[in-house]
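See structure below.
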Amino acid sequence: MNIGYLIGLVVAIGVMVLGMANGFPPYEFEKIGNFGDGSSVMIVIGCTVFILMASFPLKTFLSIPKHFGVMMKNPKQKPENIINSLVDLAQIARKDGLLALEEKANDQEDPFFKQAIMLIVDANDPDRVRATLENDIECMSDRHNAAAAMYDKASAIAPAFGMVGTLIGLINMLKNMDPTSGSSNIGADMSVALITTLYGCILAHMVFGPVANNLRIRDSEEVLNKMIIVEGITCIQAGENPKMLREKLLTFVAQKQREKMGEGSGGGEG
0 MNIGYLIGLV VAIGVMVLGM ANGFPPYEFE KIGNFGDGSS VMIVIGCTVF
50 ILMASFPLKT FLSIPKHFGV MMKNPKQKPE NIINSLVDLA QIARKDGLLA
100 LEEKANDQED PFFKQAIMLI VDANDPDRVR ATLENDIECM SDRHNAAAAM
150 YDKASAIAPA FGMVGTLIGL INMLKNMDPT SGSSNIGADM SVALITTLYG
200 CILAHMVFGP VANNLRIRDS EEVLNKMIIV EGITCIQAGE NPKMLREKLL
250 TFVAQKQREK MGEGSGGGEG
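Each residue of the sequence shown is one higher than the one before, starting from 0 at the first, in numbering that gives the first Met the number 0.
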């Protein structure tokens, strides 16, 4: 579970609500009602959603629930687990040959890992193996970036329609001004007009922006895992020593993780 996102979002909303209610005790929570306006909600949220639909393929737009699921879940695989699996495969390959890895390939839940193992079991050219796997990673990352780009677009659209709503409110205010009554209603009318800008900023910076950033983080984590697999598989195909393979793959992770994995490995590779 992406606890950081949940804590950040909930606390940000809480701080904003307290700010609306006077900022410091004694809080005046009745003031929060001043920030509600149905027309503003319709203009900002409605227009943002449907312009987003018009800007991207329907398949991408309908994948929004899936994007939130990916963002909220922790990665299925951790680099250290992948490295340990690759070292085990290297030991099997050195002892029994590459063909012995076919059974291990069928045990893999990750389709990419399974594909990588089968490519070397089928005795493909090493350069072709690397090129195939790296192309797979590039295409995957392009799909992920396209999804994140939709939320970047939403971050730009929402404030724009917030300004549109403000302009609509100002136009209505000016149209309804009565020269005989002076300007007694200008303050109230102006506050309603500005609410749409508030909604646009909230959507852009509290909803869409964090989602785009989290999706890109998930992409970078998945790319890292797959690059470890590519490097490990090509080294196994080349017959590299399992101990040297571990040392090579550890360069993909942070120093603290390397030290932790070094302590847990026990130095038992053959």
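All residues carry an ideal CB built from backbone N, CA and C; glycine is no exception.
In whole angstroms, give me the CA-to-CA distance for Ile201 and Leu249. The count along the sequence shown starts at 1 and reaches residue 201 at position 202. The count along the sequence shown starts at 1 and reaches residue 249 at position 250. The alpha-carbon atoms of Ile201 and Leu249 are separated by roughly 41 Å.
Is the beta carbon of Thr47 closer than 8 Å to that of Met149? Along the sequence shown, one-based indexing puts residue 149 at 150. Along the sequence shown, one-based indexing puts residue 47 at 48. Not closer than 8 Å, so no.
Rounded straight-line distance, which links the Cα of Gln114 to that of Val229:
Against the sequence shown, residue 229 aligns to sequence position 230. Against the sequence shown, residue 114 aligns to sequence position 115. Taking the straight line from one Cα to the other gives about 11 Å.
Worksheet item: Is the segment 127-136 in contact with the segment 223-242, if contact means three or more CB pairs nearer than 8 Å?
Response: yes
_Taking 8 Å as the threshold (C-beta atoms), are Ile119 and Leu97 in contact?_
Position 98 of the sequence shown, counted from the start, is the residue given in the question as residue 97. Position 120 of the sequence shown, counted from the start, is the residue given in the question as residue 119. Yes; because the gap between Cβ atoms is below 8 Å, this pair is in contact.
What does a CB cutoff of less than 6 Å around Asn175 pick up in its chain, not counting 5 residues either side in sequence? In the sequence shown, residue 175 corresponds to position 176, counting from 1. There are no such residues.
Quiz prompt | When Leu173, Gln76, Ala192, Glu27 are compared against Asp36, the one with the closest alpha-carbon | solution = Taking the sequence shown and counting its residues from 1, the one referred to as residue 36 is at position 37. The option with the nearest alpha carbon to Asp36 is Ala192.
Using the rule of at least 16 other Cβ atoms within 10 Å of the residue's Cβ for burial, across every protein chain shown, is Gln254 buried or exposed?
-> Start at 1 with the first residue of the sequence shown, and residue 254 comes out as number 255. When all chains shown are included, Gln254 counts as exposed.
(message) Less than 6 Å between C-beta atoms, sequence neighbours within five positions excluded: which residues of the same chain meet that for Phe55?
(response) In the sequence shown, residue 55 corresponds to position 56, counting from 1. Once the five neighbours on either side are set aside, the close Cβ partners of Phe55 are Met149.
Checklist entry - Per the contact definition of three or more C-beta pairs closer than 8 Å, is the segment 101-115 in contact with the segment 25-33? => result no
Comparing alpha-carbon positions, which option in Ser140, Pro241, Val69, Ala159 lies nearest Ile50? As a first step, residue 50 must be located in the sequence shown, where it is residue number 51. Comparing Cα-Cα distances from Ile50 to each of Ser140, Pro241, Val69, Ala159, the minimum goes to Ala159.
- For the alpha helix (DSSP H) that contains Thr165, what are its first and last residues? Taking the sequence shown and counting its residues from 1, the one referred to as residue 165 is at position 166. Here the alpha helix (DSSP H) through Thr165 covers 125-174.
- Item | Beta-carbon proximity check, Ile42 vs Val206, cutoff 8 Å | Looking up residue 42 in the sequence shown gives position 43. Looking up residue 206 in the sequence shown gives position 207. Their beta carbons are not under 8 Å apart, which means Ile42 does not touch Val206 by this criterion.
*From Lys75 to Leu61, what does the alpha carbon distance come to, in whole angstroms?*
For this step, residue 75 is matched to residue 76 along the sequence shown. For this step, residue 61 is matched to residue 62 along the sequence shown. In a straight line, the C-alpha of Lys75 is about 23 Å away from that of Leu61.
| said: On the criterion of 16 or more Cβ atoms from any shown chain inside 10 Å, does Val14 qualify as buried, or is it exposed? | reply: Mapped onto the sequence shown, residue 14 falls at position 15. So Val14 ends up on the exposed side.
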